[in-house]
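Quick note on numbering: this note's numbering labels position 290 of the sequence shown as 290, and the sequence is numbered without any gaps. Cβ atoms here follow ideal geometry from the backbone N, Cα and C, with glycine treated the same way.
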Amino acid sequence: MLAVMGCGEVGLLYARALRQAGQAITLCDPKPREEVKLWAAREGIALHPSSGSWLADADVVVSCVVGSLSLAVARRGFRDMRSDTLFIDMTTSDPDEIRAAAAEAAAADILYADVAIMGAVALSGARTHLLVAGTGAPAATRLFGAIDAPIRAITAGAGDAAALKLLRSVFTKGLEALAIETFLAAERQNVTDALYDVLGDIDRNPLRNTLEVLIRTHVIHAARRLNEVEEAERQLRKAGLPADVLPGVRARFERTSASLARRPSIDRIPSIGEAFAWLDEDARASSGAMVS
1 MLAVMGCGEV GLLYARALRQ AGQAITLCDP KPREEVKLWA AREGIALHPS
51 SGSWLADADV VVSCVVGSLS LAVARRGFRD MRSDTLFIDM TTSDPDEIRA
101 AAAEAAAADI LYADVAIMGA VALSGARTHL LVAGTGAPAA TRLFGAIDAP
151 IRAITAGAGD AAALKLLRSV FTKGLEALAI ETFLAAERQN VTDALYDVLG
201 DIDRNPLRNT LEVLIRTHVI HAARRLNEVE EAERQLRKAG LPADVLPGVR
251 ARFERTSASL ARRPSIDRIP SIGEAFAWLD EDARASSGAM VS
């Protein structure tokens, strides 16, 4: 039997997909939506309000609760699970809390799979790409493979998949906000199609190469680029458009420029490792200054 804890959008989506693939399903949700109650009743699926002794019948437990409840739900569930249970955490939780839960699972001889959803299930459904880490990764890969869910295991401990998901969110959500700010301005000036053309060179190279070039040259040219950022922000404000993202961009370039004035960078374009080392040292120095 497979138990799904938390029947929001994600929980119900995968419960339905796994049920269709032939899995015997049990649901758990303290406040299930009407859609969940109707589906469970129609399919003859048990719907529990909380974890309990019934979890001892589950071979697999999939946690899809909100991230803030992830650790508490896991801990309560571990008390009732068998030692050979596969626990799959699909929550967007703090990576350190996932690591703590994985350690407690290991102490109870429970396999733990940290599964990060790497896209929008509202768009891709059960075909959304997944990333998995932890002792339960091989078993979770087989389970999701049965519903043709694209899943990739990484040779890392539980918590690392969640960390990568959150870091990906930093990048993609930042890019999303910047795209809105940029293209709203382009629309206002009737140059949207031309802007797509102007940006076309960016995707002609592999993404990794593009990002590494930006990072490597940042520690050399931040001061000069700061002038461009300041002018771009002035133009947005002059056009009466909101500038929510650019002030943060400006702050980043101002920080690096100030550091370069105090502590010059390498006198050539550094390797990516050298650039990271310089930026990390600068970040540590800035953190120390703020603490003091």
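Label residue i either buried or exposed according to how many other C-beta atoms from any shown protein chain fall within 10 Å of its C-beta, with 16 as the threshold for buried.
i: residue 89; result: buried
i: residue 159; result: buried
i: residue 177; result: exposed
i: residue 197; result: exposed
i: residue 253; result: buried
i: residue 169; result: exposed
i: residue 175; result: exposed
i: residue 171; result: exposed
i: residue 181; result: buried
i: residue 245; result: buried
i: residue 236; result: buried
Checking 7 angstroms against the spacing of the C-beta atoms, do residue i and residue j come in under that value?
i: residue 257; j: residue 279; result: no
i: residue 132; j: residue 113; result: yes
i: residue 115; j: residue 13; result: no
i: residue 293; j: residue 97; result: As displayed, the chain neither begins before 1 nor continues past 292, which places residue 293 out of reach and without an answer.
i: residue 48; j: residue 64; result: no
i: residue 125; j: residue 91; result: no
i: residue 141; j: residue 151; result: yes
i: residue 87; j: residue 58; result: no
i: residue 24; j: residue 61; result: no
i: residue 215; j: residue 269; result: no
i: residue 81; j: residue 55; result: yes
i: residue 51; j: residue 76; result: yes
i: residue 162; j: residue 95; result: yes
i: residue 110; j: residue 85; result: yes
i: residue 146; j: residue 15; result: no
i: residue 229; j: residue 255; result: no
Which of helix, strand or coil does DSSP assign to residue i?
i: residue 269; result: coil
i: residue 282; result: helix
i: residue 291; result: Residue confidence for residue 291 is low, a pLDDT of 45 falling below 50, so the modelled location carries little weight; the figure read from the coordinates is stated next. Helix.
i: residue 151; result: strand
i: residue 4; result: strand
i: residue 302; result: No information on residue 302 is available, as it lies outside the stretch 1 to 292 that the chain covers here.
i: residue 245; result: coil
i: residue 83; result: coil
i: residue 95; result: helix
i: residue 57; result: helix
i: residue 158; result: coil
i: residue 40; result: helix
i: residue 141; result: helix
i: residue 77; result: helix
i: residue 22; result: coil
i: residue 172; result: helix
i: residue 250; result: helix
I'd like to know if residue i contacts chain C, where contact means its C-beta is closer than 7 angstroms to some C-beta of that chain.
i: residue 262; result: Among the chains in the structure shown there is no chain C, since it carries only a single protein chain.
Based on the DSSP secondary-structure assignment, which residues constitute the bridge partners of residue i?
i: residue 183; result: None, per the DSSP bridge assignment.
i: residue 89; result: 63 and 114
i: residue 27; result: 4 and 47
i: residue 133; result: 114
Do residue i and the ligand SAH come close, with the Cβ less than 6 angstroms from some heavy atom?
i: residue 150; result: The ligand SAH is not among the ligands present in this structure, which contains no ligands whatsoever.
Fully enclosed by the segment 184-236, which beta strand (DSSP E) runs are 3 residues long or longer? With a minimum length of 3 residues, no continuous beta strand (DSSP E) run stays inside the segment 184-236.
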